[in-house]
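For reference, the structure discussed in these notes is given below.
Numbering (the numbering used here), first residue to last: 5 to 322.
As structure tokens, then:
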């Protein structure tokens with residue numbers, strides 16, 4: 005998807021005002037995971053030995069998920085909403101913006117936005133693209149589809165959106181991501197929870213991922229996440245499910261617990277646990293397959309006792 009696509013999405017929803025549910029659209033900082041990344045005790049980020057393995061993995065995962073969410077929702081609030089709808093039915097509370105031509109003569113699609121406030125108090129919106137020479141009525145393809153539940157306010161809301169990268173790629177091969185990225189979210193004054201799932205997601209000519217990412221975070225900084233993905237770890241043709249649960253405090257210290265499920269590995273079960281301090285350095289490590297030497301004692305951990313990802317969190321990953 006191009007920046008233009010999301011810019012138009014931003015203009016459309018912002019321009020709609022309360023009539024089309026502007027107050028129901030979440031701002032990016034209401035959904036992004038604010039994993040602590042710095043502290044006075046942290047070692048140099050240039051030193052690879054400075055970072056705990058599961059802290060670094062947690063950071064990489066949250067950065068990736070945040071990037072997609074920020075790209076969709078962040079642009080909504082960065083673009084000044086000054087455009088008028090191309091078409092609107094004020095009585096039915098629905099409108100369309102565009103479709104607008106691409107940024108250059110080589111762009112093969114035009115992009116538009118549709119938004120509607122429904123009679124039951126919910127809101128729906130979509131970003132669509134039309135091949136050059138086509139019409140909205142016959143050729144429009146939805147690239148992003150979202151909904152917001154009834155009763156949404158700026159302070160508390162729930163909803164979902166799906167990005168269909170395969171559809172975007174079919175219309176414009178320059179958009180080389182494929183698969184779908186799905187987000188269900190809820191937030192209030194205390195914090196945010198969300199379930200993100202991907203299906204056959206990745207760059208077109210590289211391996212694709214089926215993964216699930218479930219997180220809860222209080223706005224003061226503490227939180228937890230469950231992450232899982234399907235992968236053939238031993239290249240046998242049978243996929244395993246790798247799960248990872250991380251918990252962290254506002255000061256940065258935390259714990260990660262991982263396990264491998266299903267598949268056909270030679271060991272009956274695989275588990276590993278790691279704790280890190282406010283310096284993000286490993287303070288405790290233990291695993292049951294001799295991947296690394298044991299480190300430290302569990303009593304030094306911010307969280308005592310392993311806690312593995314809930315099966316409900318990764319059922320979408322297999």
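C-beta atoms are modelled at their ideal positions from N, C-alpha and C, and glycine is treated no differently.
- By the beta-carbon neighbour count (other beta carbons within 10 angstroms, threshold 16), residue 308 is exposed.
- Bridge pairing for residue 133: 115 and 145 [DSSP].
- Judged by pairs of C-beta atoms under 8 Å, the stretch 93-102 touches the stretch 116-126, as three or more such pairs exist.
- If you check the CB distance, residue 149 and residue 129 come in under 9 Å.
- Classified as exposed, residue 301 has fewer than 16 neighbouring CB atoms from the shown chains inside 10 Å of its CB.
- DSSP places residue 169 within a helical segment (H, G or I) once states are collapsed to three.
- Following the DSSP letters along the chain, one finds residue 189 inside the beta strand (DSSP E) bounded by residues 181-191.
- A contact is defined here as three or more CB-CB pairs under 8 Å, and the stretch 284-304 fails this definition with respect to the stretch 227-243.
- Taking C-beta atoms under 8 Å as the contact rule, residue 193 and residue 257 fail to qualify, at a distance of about 25 Å.
- Between the beta-carbon of residue 207 and that of residue 180 there is about 6 Å, and that keeps the pair under the 8 Å contact cut.
- The Cβ atoms of residue 312 and residue 249 lie closer than 9 Å to each other.
- For residue 199, the secondary structure class from DSSP, reduced to helix, strand or coil, is strand.
- Taking 8 Å as the upper bound for CB-CB distance, residue 133 and residue 114 are in contact here, some 7 Å apart.
- Residue environment analysis places residue 110 among the exposed positions, since fewer than 16 neighbouring C-beta atoms fall within 10 angstroms of its C-beta.
- Counting only the Cα atoms, residue 218 lies some 16 Å from residue 259.
- With respect to residue 254, residue 226 sits close: the two C-beta atoms are nearer than 9 Å.
- Where residue 259 is concerned, the enclosing beta strand (DSSP E) starts and stops at 258-265.
- From the listed residues 286, 229, 298 and 299, the smallest Cα separation to residue 55 is found for 286.
- Pairing residue 182 with residue 170 gives a Cβ-Cβ distance under 9 Å.
- With respect to residue 223, residue 267 sits apart: the two C-beta atoms are not nearer than 9 Å.
- In this structure, the beta-carbon distance from residue 92 to residue 126 does not fall below 9 Å.
- As the crow flies, the alpha-carbon of residue 143 is around 29 Å from that of residue 210.
- Here residue 158 is exposed, its C-beta having fewer than 16 other C-beta atoms within 10 Å.
- Linking residue 59 to residue 160 through their CA atoms gives a straight-line distance of about 30 Å.
- In this structure, the alpha-carbon of residue 220 lies about 6 Å from that of residue 228.
- Between residue 261 and residue 278, the alpha-carbon positions lie close to 7 Å from each other.
- Judged by DSSP secondary structure, residue 122 falls outside any alpha helix (DSSP H); it is assigned neither H nor E.
- Cβ neighbours of residue 124 within its own chain (closer than 8 Å, five residues either side excluded): 154.
- The beta carbon of residue 167 sits closer than 6 Å to those of 148 and 185, all from its chain and outside the five residues before and after it, given in chain order.
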